[in-house]
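If you're matching them up, the sequences are chains A and B in order. Heads up: the first sequence at position 197 corresponds to 1651 in the numbering used here, and the numbers run straight through without jumps. Heads up: the second sequence at position 201 corresponds to 1655 in the numbering used here, and the numbers run straight through without jumps. For each residue, glycine too, the CB sits at the ideal point set by N, CA and C. Right, one structure below, let's go through it.
Number of protein chains: 2
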Amino acid sequence: MAEILVNMRYDGPERTIAERAYRLLREDIISGALAPGLKLKIEMLRTRYGLGAAPIREALARLSSDHLVKLEGQRGCEVVPMSVGDARDIGNMRKLLEVEALRISIDNGDDEWENGLAAAFHRLERLERTIDQGIDDLAAWETLNHQFHKALVAACDSQWLLRMRQLMFDQHERYRRLSRVKTVATRDISLEHRALFEAALDRDVEKAVTVMETHIGRTTDAVVHTFARHDLAEQTS
Amino acid sequence: MAEILVNMRYDGPERTIAERAYRLLREDIISGALAPGLKLKIEMLRTRYGLGAAPIREALARLSSDHLVKLEGQRGCEVVPMSVGDARDIGNMRKLLEVEALRISIDNGDDEWENGLAAAFHRLERLERTIDQGIDDLAAWETLNHQFHKALVAACDSQWLLRMRQLMFDQHERYRRLSRVKTVATRDISLEHRALFEAALDRDVEKAVTVMETHIGRTTDAVVHTFARHDLAEQTS
DNA sequence: TGCGAATAAAATATCGATATTATTTGCAAG
DNA sequence: CTTGCAAATAATATCGATATTTTATTCGCA
């Protein structure tokens, strides 16, 4: 069930083992199960996932272009390291791209877009209401949050913008998860989402953009803060 | 010699056959030697480049994340098709990213940046002066043009922004080459480059941004025009 | 005792062959 | 003549083994 939710985020079916390896590795890197900087030895991954070497190599190659693993010729692979600077960089890029996509989406959005957005918002809000007891549906929340943000920009007609936005969203998620920011509890994200939702439906571009900017900015700040602590503690090794 | 120029655009040395396959394929796709939409059969590529199947598979996997080949599970690969809409999209994205990078770069640029920029501009201008007889150093011009634009944004401290800018530059180059826009001859790009160069050194951000926007916009328009004709002629098949 | 070269061990990169899956061709029935 | 099924063909995906390269270790020598 949880797997279905996770896989919903990807497009097509899983026709090949290489595709499977790609998704498994990707998820494990973004979730932090494979630590930043970790050397990815083929044999280790072979036993971990119970797959052959060839599909794993193919997956690593793809992930290197996604900038999730560093691929150094004849010297193996490693999970791309993380740093405070990178977190800021990603936050800024996400702001730039997401805001631009939002602008276009609000301009172009039709009835179908509104419907999808309302549905996504509703699902997210319902979960956020039930989550106040600190239940650990963090993964489920991540998925719905993801889908809400996606619904916001769904009417953007620039495929490249959407692609890059997605890339930054995923990279950002990696940092969010590492710092285990219980953002859900600490600050009221739910209110920000509602403001975003209403501004979008009102076609109030400037309002929506402002909210989005502070929304992403706050998330980034939280990440940078907890990560900076984490970093100081670990970087000395 | 030509190969050195081309390879100068990439970073490290070529330690592995898979890396070689990646660069060869990449170059052949961007240059148009492998036509858009072409099915990339392994056997065909094997004989074309005289390489084994494994390195080629790895290269294709990486290129799929670069969005230069489409990788459909169990159904092989094809060169990503081209379209007028995509050309516009890429042009707009390039504008967005390149302008942002330029802003930051001009803000941060130090002496070393100025030196590098001046050198790149000088090399490009010298070539542009000798090219008026229609000599076909188009490849050489592409390289110098590339390096000039890179030098402009070299002082930008956002790695992600630079990475995405590069991606868009390459995608844009694919369209430029397809439509064989003899941009060098048709409009005076040299003047635009000089304006860009001077505005950057004067730290006149707004001027530089304006010039850059029209510069990219005109290139995109030229591409869209020639491509639209090309498209109407071929798309009927 | 410390340094460097030679050797041993481990890991990656690559090849050749096989199994699996898509596609095409041919044939028969409607 | 078209449609649907079935065998044949071609292509991809995967495995197991080998060659090459890097990394670690040991031994000899200053």
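N- and C-terminal bounds of the beta strand (DSSP E) containing Glu1532(B): Cys1531 to Val1533 is the span of the beta strand (DSSP E), which, as asked, contains Glu1532(B).
Option in Glu1526(A), Ala1508(A) and Arg1502(A) with minimal Cα separation from Gly1491(A): Glu1526(A)
CB contact flag (Gln1601(A), Arg1577(A), <9 Å): Judged by their CB atoms, Gln1601(A) and Arg1577(A) are nearer to each other than the 9 Å cut-off.
Closest Cα partner of Arg1477(B) within the set Asn1599(B), Leu1514(B), Lys1495(B) and Arg1500(B): Leu1514(B)
Burial state of Thr1501(A) (16 or more Cβ within 10 Å): exposed
Beta-carbon spacing of Ile1544(A), Ala1609(A) below 9 Å: no
Cβ neighbours of Leu1551(B) in the same chain (closer than 8 Å, five flanking residues each side left out): Leu1615, Met1618, Arg1619 and Met1622
Neighbour list for Arg1511(B) in chain A, Cβ cutoff strictly below 7 Å: Glu1512
Any chain B beta carbon closer than 9 Å to Ser1519(A): yes
Cut-off 6 Å between Cβ atoms - residues of its own chain near Leu1499(B), not counting five sequence neighbours on either side: Ile1510
Distance between Leu1650(B) and Gly1671(B) (C-alpha atoms, nearest Å): 14 Å
Leu1488(A), DSSP secondary structure in three states: Correct three-state label for Leu1488(A): coil.
Interface flag, Glu1468(B) vs chain A, CB-CB below 9 Å: Glu1468(B) has a beta carbon lying within less than 9 Å of a beta carbon in chain A.
Through-space distance from Ala1654(B) to Arg1583(B), alpha-carbon basis: 22 Å
Residues bridged to Lys1493(B) (per DSSP): Glu1532(B)
Leu1525(A) - DSSP class collapsed to helix/strand/coil: strand
Cβ neighbour criterion (16 or more within 10 Å) applied to Leu1494(B): buried
Chain-ordered chain A contacts of Gln1620(B) [CB-CB under 7 Å]: The premise fails here: Gln1620(B) is roughly 12 Å from chain A at the closest Cβ pair, so nothing lies under 7 Å.
Pairwise C-alpha distance: Asp1675(A) and Asp1656(A): 28 Å
Closer than 9 Å to chain A by CB, Leu1488(B): No, because no Cβ of chain A sits closer than 9 Å to the Cβ of Leu1488(B).
Residues within the region 1553-1567 of chain A neighbouring chain B, beta-carbon criterion of under 7 Å: Glu1554
9 Å Cβ cutoff, Leu1645(B) in contact with chain A: no
Chain-order list of residues whose beta-carbon lies under 8 Å from that of Gln1528(B) (same chain, five-residue window excluded): none
Supposed contact pair Arg1548(B) and His1669(B) - C-beta distance, whole angstroms, cut 8 Å: His1669(B) to Arg1548(B), Cβ: 10 Å. No contact.
Straight-line gap, Glu1554(A) to Val1665(A) (C-alpha atoms, nearest Å): Glu1554(A) and Val1665(A) have their C-alpha atoms some 13 Å from each other.
Closer than 7 Å at the beta carbon, the chain B residues around Ala1698(A): Outside the modelled stretch of chain A, which goes from 1455 to 1691, sits residue 1698(A), for which no answer is possible.
Cut-off 6 Å between Cβ atoms - residues of its own chain near Thr1673(A), not counting five sequence neighbours on either side: Within the same chain, Thr1673(A) has no close Cβ partners at all.
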